[in-house]
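Under the numbering used here, the first residue of the sequence shown is numbered 1, with each subsequent residue one higher.
We put the beta carbon where it would ideally sit given N, CA and C, even for glycine.
Remember, predicted model here, so these are calculated numbers, not experimental data.
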Amino acid sequence: MQGKYKKNILAAVAGVLLATCGVAQAEGTQGGVGLHLGIGEHYQRLSINYETPSVWSYEFGGNWGRVDLTPEFSASYWTANGSRDPGHVWQASAIPMFRWWTGERFYIEAGIGATLFSSTRFADKQISTAFQFGDHIGLGFLATKNNRIGLRYSHFSNANIKRPNPGLDVLQLTYTYQF
């Protein structure tokens, strides 16, 4: 399992290093690996993502682009600022993401799915349940054939399954190397 994570990290790093200006392609969601760097109120989040090829796609008529449904799986490490306790937590996520490609380069995305935290406490917050829903909205662009960059807002909470339910919010810079 560690070898798989190393391969994903190496692919993401190689993608960043090889990123150059180029021509965009029509197939925006074709699977890939990604790195998300996020900041929240008193914490940071680092995620390594694997994105499958689209499982569903709908082409609109005219100049309205298309919508893709793409499963996204991630492993995340959260760290808290200062002496907040506990100072770190792990998270696993499975999120179906809808991406509306408004043209060849630009997209708007949204998704809601299941996440699992390694602890019910983080950064002086009691989140009550390890199971949390992840809600995501974002936008971005295809910089080159294989390199996608975006900005995403994410909210994690248990939808009031159990109280307290303070939720965790994070704004992320996203990078995906597409296969």
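Once the 5 residues before and after R152 are set aside, which same chain residues still bring their CB inside 6 Å of it? In the sequence shown, the residue the question calls residue 152 occupies position 152. Hits under 6 Å: H136, G138, Q172, T174.
Are T115 and M97 close, meaning C-beta to C-beta below 8 Å? Numbered from its first residue, the sequence shown carries residue 115 at position 115. Numbered from its first residue, the sequence shown carries residue 97 at position 97. No, Cβ-Cβ distance for T115 and M97 is not below 8 Å.
For F60 and H155, the rounded distance between their alpha carbons: Indexing the sequence shown from 1 puts residue 155 at position 155. Indexing the sequence shown from 1 puts residue 60 at position 60. The alpha-carbon atoms of H155 and F60 are separated by roughly 29 Å.
Determine the burial state of I95: buried for a count of at least 16 other Cβ atoms within 10 Å of its Cβ, exposed for fewer. Taking the first residue of the sequence shown as position 1, residue 95 is located at position 95. I95 counts as buried, since no fewer than 16 other beta carbons sit within 10 angstroms of its beta carbon.
G32 - partner residues in DSSP beta bridges: As a working mapping, residue 32 is identified with position 32 in the sequence shown. DSSP lists E51, Q178 as the bridge partner or partners of G32.
Note down, in chain order, each residue of its chain lying with its Cβ closer than 7 Å to the Cβ of A123, except the 5 sequence neighbours on either side. Here the question's residue 123 lines up with position 123 in the sequence shown. Excluding positions up to five away in sequence, the list reads H42, Y43, A80, R84.
Cβ atoms of I112 and G82: under 8 Å apart, would you say? Counting from one through the sequence shown, the residue named residue 82 turns up at place 82. Counting from one through the sequence shown, the residue named residue 112 turns up at place 112. Cβ distance not < 8 Å, so G82 and I112 don't count as in contact.
Supposed contact pair W78 and V67 - C-beta distance, whole angstroms, cut 8 Å: Here residue 67 corresponds to residue number 67 of the sequence shown, with the count starting at 1. Here residue 78 corresponds to residue number 78 of the sequence shown, with the count starting at 1. Contact between V67 and W78 is ruled out by a C-beta separation of about 31 Å, above the 8 Å threshold.
Where I127 sits in the DSSP three-state scheme: Along the sequence shown, read from residue 1 onward, the residue named residue 127 stands at position 127. DSSP places I127 in coil when its eight states are reduced to three.
Coarse secondary structure for N146, derived from DSSP in three states: If you number the sequence shown from 1, residue 146 lands on position 146. Of the three classes helix, strand and coil, the one that applies to N146 here is coil, per DSSP.
Give me the Cα-Cα distance between E72 and G87, rounded to the nearest whole angstrom. Here residue 72 refers to the residue found at position 72 when the sequence shown is read from its first residue. Here residue 87 refers to the residue found at position 87 when the sequence shown is read from its first residue. Going from the Cα of E72 to the Cα of G87 covers about 26 Å.
Ranges of the beta strand (DSSP E) found wholly within the stretch 61–144, counting only runs of at least 3: Secondary structure within the stretch 61–144: the beta strand (DSSP E) runs of 3 or more consecutive residues, fully enclosed, are 66–80, 88–101, 106–117, 131–142 (chain order).
Identify whether I161 lies in helix, strand or coil by the three-state DSSP scheme. For this step, residue 161 is matched to residue 161 along the sequence shown. Coil, per DSSP.
Give the secondary structure of E41 by DSSP, where H, G and I count as helix, E and B as strand, and everything else as coil. Within the sequence shown, residue 41 is the residue found at index 41, counting from 1. In this structure, E41 counts as coil in the three-state DSSP scheme.
Nearest to R45 (by Cα), restricted to the options N147, Y58, P166, A92: The residue given as residue 45 occupies position 45 in the sequence shown. Among N147, Y58, P166, A92, the Cα nearest to that of R45 is on A92.
Minimum C-alpha distance to L35 - residue among R148, G167, I161: Here residue 35 refers to the residue found at position 35 when the sequence shown is read from its first residue. Comparing alpha carbon positions, the residue from R148, G167, I161 closest to L35 is R148.
Buried or exposed for Y58, please, with buried defined as at least 16 other CB atoms from any protein chain shown within 10 angstroms of its CB. Indexing the sequence shown from 1 puts residue 58 at position 58. By the Cβ neighbour-count rule, Y58 is exposed, with fewer than 16 other Cβ atoms within 10 Å of its own.
For N158, collect the residues of the same chain with a Cβ closer than 8 Å to its Cβ; drop the 5 residues on either side in sequence, then sort them by chain order. Here residue 158 corresponds to residue number 158 of the sequence shown, with the count starting at 1. By the criterion of a C-beta distance shorter than 8 Å, N158 is surrounded in its chain by I127, S128, T129, F131, Q132, F133, N165, once the five residues flanking it on both sides are discounted.
Output the distance between the C-alpha atoms of G65 and G103, rounded to the nearest integer angstrom. Start at 1 with the first residue of the sequence shown, and residue 65 comes out as number 65. Start at 1 with the first residue of the sequence shown, and residue 103 comes out as number 103. Going by the C-alpha atoms only, they are around 5 Å apart.
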